[in-house]
Amino acid sequence: MRITQGAFSFLPDLTDQQIAKQVQYCIDNGWAVSLEFTDDPHPRNTYWDMWAHPMFDNPDAAALMMELKECRKVYGDYYIRLVAFDNSHGWESVKLSFLVNRPAEEPGFHLARQESAGRVVRYTTRSYATDKPAGQRYG
Amino acid sequence: MADASITQLDGPPVEVPSAIDLRAEYVESGVKEVLDELDRDLIGLKPVKQRIKETAALLLVERARRRMGLAHETPTLHMSFSGNPGTGKTTVAMRMADLLHRLGYIRKGHLVSVTRDDLVGQYIGHTAPKTKEILKKAMGGVLFIDEAYYLHRQENERDYGQEAIEILLQVMENQRDDLVVILAGYADRMDKFFESNPGFRSRIAHHIDFPDYSSDELLSISETMLSKQNYTFDAEGRAIMADYIERRRKQPHFANARSIRNALDRARLRHANRLFEASNGPTDAAALSTITADDIRVSRVFSASSGEEKTP
Numbered sequence: 016m017r018i019t020q021g022a023f024s025f026l027p028d029l030t031d032q033q034i035a036k037q038v039q040y041c042i043d044n045g046w047a048v049s050l051e052f053t054d055d056p057h058p059r060n061t062y063w064d065m066w067a068h069p070m071f072d073n074p075d076a077a078a079l080m081m082e083l084k085e086c087r088k089v090y091g092d093y094y095i096r097l098v099a100f101d102n103s104h105g106w107e108s109v110k111l112s113f114l115v116n117r118p119a120e121e122p123g124f125h126l127a128r129q130e131s132a133g134r135v136v137r138y139t140t141r142s143y144a145t146d147k148p149a150g151q152r153y154g
Numbered sequence: 317m318a319d320a321s322i323t324q325l326d327g328p329p330v331e332v333p334s335a336i337d338l339r340a341e342y343v344e345s346g347v348k349e350v351l352d353e354l355d356r357d358l359i360g361l362k363p364v365k366q367r368i369k370e371t372a373a374l375l376l377v378e379r380a381r382r383r384m385g386l387a388h389e390t391p392t393l394h395m396s397f398s399g400n401p402g403t404g405k406t407t408v409a410m411r412m413a414d415l416l417h418r419l420g421y422i423r424k425g426h427l428v429s430v431t432r433d434d435l436v437g438q439y440i441g442h443t444a445p446k447t448k449e450i451l452k453k454a455m456g457g458v459l460f461i462d463e464a465y466y467l468h469r470q471e472n473e474r475d476y477g478q479e480a481i482e483i484l485l486q487v488m489e490n491q492r493d494d495l496v497v498i499l500a501g502y503a504d505r506m507d508k509f510f511e512s513n514p515g516f517r518s519r520i521a522h523h524i525d526f527p528d529y530s531s532d533e534l535l536s537i538s539e540t541m542l543s544k545q546n547y548t549f550d551a552e553g554r555a556i557m558a559d560y561i562e563r564r565r566k567q568p569h570f571a572n573a574r575s576i577r578n579a580l581d582r583a584r585l586r587h588a589n590r591l592f593e594a595s596n597g598p599t600d601a602a603a604l605s606t607i608t609a610d611d612i613r614v615s616r617v618f619s620a621s622s623g624e625e626k627t628p
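As they're listed, the protein sequences go chains Z and V.
So in the numbering used here, the last one in the first sequence is 154, and the numbering has no gaps at all.
So in the numbering used here, the last one in the second sequence is 628, and the numbering has no gaps at all.
Right, here's the structure in full:
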């Protein structure tokens, strides 16, 4: 099942050229771009691992593309997303976030039903990928 | 938002022109403006200007060829500037960044000026991230490495400089579209540096030598520097400045235009002191902006016997 998180996720995957243009747009707006990765794509998993530092003072998108290539080399079978932060209000807030890499196979989610008191049913989702321990998923 | 970004990416279809007017291109691209500015603002440096003109012509023609589909590869633009200190290498590098930007060879046109300290780390594992950080900052512009030969320490094989060199070489080769590297330093030491690092020599297309300024040129540089700050020499002051330059040249640690700038800064200091101490009553604008012989003559350059190591 194709994960749809962040902007552009209902479109075909962006090419590197398209990613670079989006990144340049972010930089030109004064936003700090950075990369994050995870192997647990649960929608409530907001805090992904950071790849290096956010790039505050690089005027050109080529810098991020270089990091993206490096990141793909190491975590090519993970989800990698680009996050652009805007600090013009005095705090960093996400302005744009989209996936720039996804694993070849995405197993999707299991919907678990928990029967509770009376006829109440509680639902929860769990990624099939997380059946395996961290680091061995999507391999 | 998504739709807008996609349509924007396609852009208008590229038309292949059948003929290109190089003269018009020269003016339109703003290259003429940069070169004229270079001619006007920089005194002397004839061979450098000539080389830059030639390079600009090459790049202009290359760009025309590319637009007509005759060339596809980005030409190698990495350069090396060799010359004594104070001969205008950094200034020219800034102009070069502007030039390359106007010709469309770099996307942003900013100049990141670094030395060994900015690239090489203090301990194992510190160098690569440091170098990469700088490279990332310079992407889309020009990376200017001053005194590049310090990156390579012959006497110490385990020096971290080597690591920085390797990363630099890799990026210079693989990301030629993204940044231009300019190495700068003294001529003889640059030659030695290239000898021990053949990788650099082969990746650098343009070697530009910066000659020392003549005494006349230095004098007109000093006048330009002063006029930029709304100061002037009086006739005697000008004559003694010429004498000062002659004497200063023969002393050690002479750094061309930089020495002149420092001398002028000190002259302004003395000028201010003289006015302050002699002041009784109003001082007019002419007095406030005229450097006289007295302000320069006190310099130690005039008292020092040649050969002795003294700061002027």
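Here a beta-carbon is modelled for each residue, glycine too, at the ideal position from N, C-alpha and C.
Remember, predicted model here, so these are calculated numbers, not experimental data.
Segments of 4+ residues assigned as alpha helix (DSSP H) that fall wholly inside the segment 480–561 of chain V | As far as the segment 480–561 of chain V is concerned, its whole alpha helix (DSSP H) runs of at least 4 residues are 503–512, 514–519, 531–544.
Answer yes or no: do Pro118(Z) and Tyr153(Z) have a C-beta to C-beta separation smaller than 9 Å?
-> yes
Round the Cβ separation of Met506(V) and Tyr465(V) to the nearest angstrom and send it over; I've been treating them as touching at under 8 Å.
-> 6 Å
At a CB-CB cut-off below 7 Å, which residues of chain V make contact with Met70(Z)?
-> Lys452
What does Asp43(Z) reach in chain V if we use C-beta pairs closer than 8 Å?
-> Near Asp43(Z) there are no residues of chain V at all, since even the closest Cβ is about 10 Å away, more than 8 Å.
Closest by CA to Ala340(V), which one among His468(V), Ile520(V), Ile556(V), Ala380(V)?
-> Ala380(V)
CA-CA distance, Pro628(V) and Leu361(V)?
-> In this predicted model, Pro628(V) has a pLDDT of only 48, less than 50, meaning its place in the structure is not dependable enough to derive any value.
Tell me, please, whether the CB atom of Asp14(Z) is closer than 9 Å to any CB atom in chain V?
-> Outside the modelled stretch of chain Z, which goes from 16 to 154, sits residue 14(Z), for which no answer is possible.
Taking the alpha carbon of Arg96(Z) as the point to measure from, which residue in Asp55(Z), Ser49(Z), Asn73(Z) has its own alpha carbon closest?
-> Ser49(Z)
Comparing the C-beta of Met412(V) with each C-beta of chain Z, is any distance below 9 Å?
-> no
Determine the chain Z residues that contact Gln491(V) at a beta-carbon separation under 8 Å, and present them in chain order.
-> Ala77, Met81
Could you tell me whether the Cβ atoms of Ala22(Z) and Ser112(Z) are closer together than 9 Å?
-> Going by beta carbons, Ala22(Z) and Ser112(Z) fall inside the 9 Å limit.
For Met81(Z), the three-state DSSP class (helix, strand or coil) = helix
Neighbouring residues, chain Z, relative to Lys446(V) (Cβ below 9 Å) = By Cβ distance, chain Z contributes nothing, its closest Cβ being about 12 Å from Lys446(V), past 9 Å.
Check the Cβ-Cβ distances between Ala67(Z) and every residue of chain V, and say whether any is below 9 Å.
-> Taking Cβ atoms only, chain V reaches closer than 9 Å to Ala67(Z), which makes this a yes.
Residue environment, Pro148(Z), which counts as buried when at least 16 other CB atoms sit within 10 Å | exposed
Going by the beta-carbon positions, is the gap between Tyr280(V) and Ser615(V) smaller than 9 Å?
-> There is simply no residue 280(V) to check, as chain V begins at 317 and stops at 628 in what is shown.
Would you mind giving the Cβ-Cβ distance between Val428(V) and Gly457(V), rounded to the nearest angstrom? I have them listed as a contact below 8 Å.
-> 6 Å
Closer than 9 Å to chain Z by CB, His388(V) = no
Quick one: any contact between the segment 84–103 of chain Z and the segment 494–501 of chain V, if contact means 3 or more CB pairs under 8 Å?
-> They do not touch, by the three-pair rule.
How would you list, in chain order, the residues of chain Z whose beta-carbon sits under 7 Å from the beta-carbon of His426(V)?
-> Pro74
Look up Phe618(V) in the DSSP assignment and say whether it is helix, strand or coil.
-> helix
Asp532(V) burial status per 10 Å Cβ neighbour count (16 or more: buried) | exposed
In angstroms with no decimal places, state the Cα-to-Cα distance between Ser512(V) and Asp525(V).
-> 20 Å
Starting from the Cα of Ala67(Z), find the closest Cα among Ala573(V), Val408(V), Ala444(V) and give me that residue.
-> Ala444(V)
DSSP three-state call for Tyr93(Z): helix, strand or coil?
-> Coil.
In the DSSP assignment, find the unbroken alpha helix (DSSP H) run with Leu361(V) in it and report its ends.
-> Careful: Leu361(V) lies outside any alpha helix (DSSP H) and carries neither H nor E.
Shortest alpha-carbon distance to Pro69(Z) belongs to which of Asp75(Z), Leu79(Z), Met16(Z)?
-> Leu79(Z)
Counting pairs of beta carbons, one from the segment 536–550 of chain V and one from the segment 599–616 of chain V, are three or more of them closer than 8 Å?
-> yes
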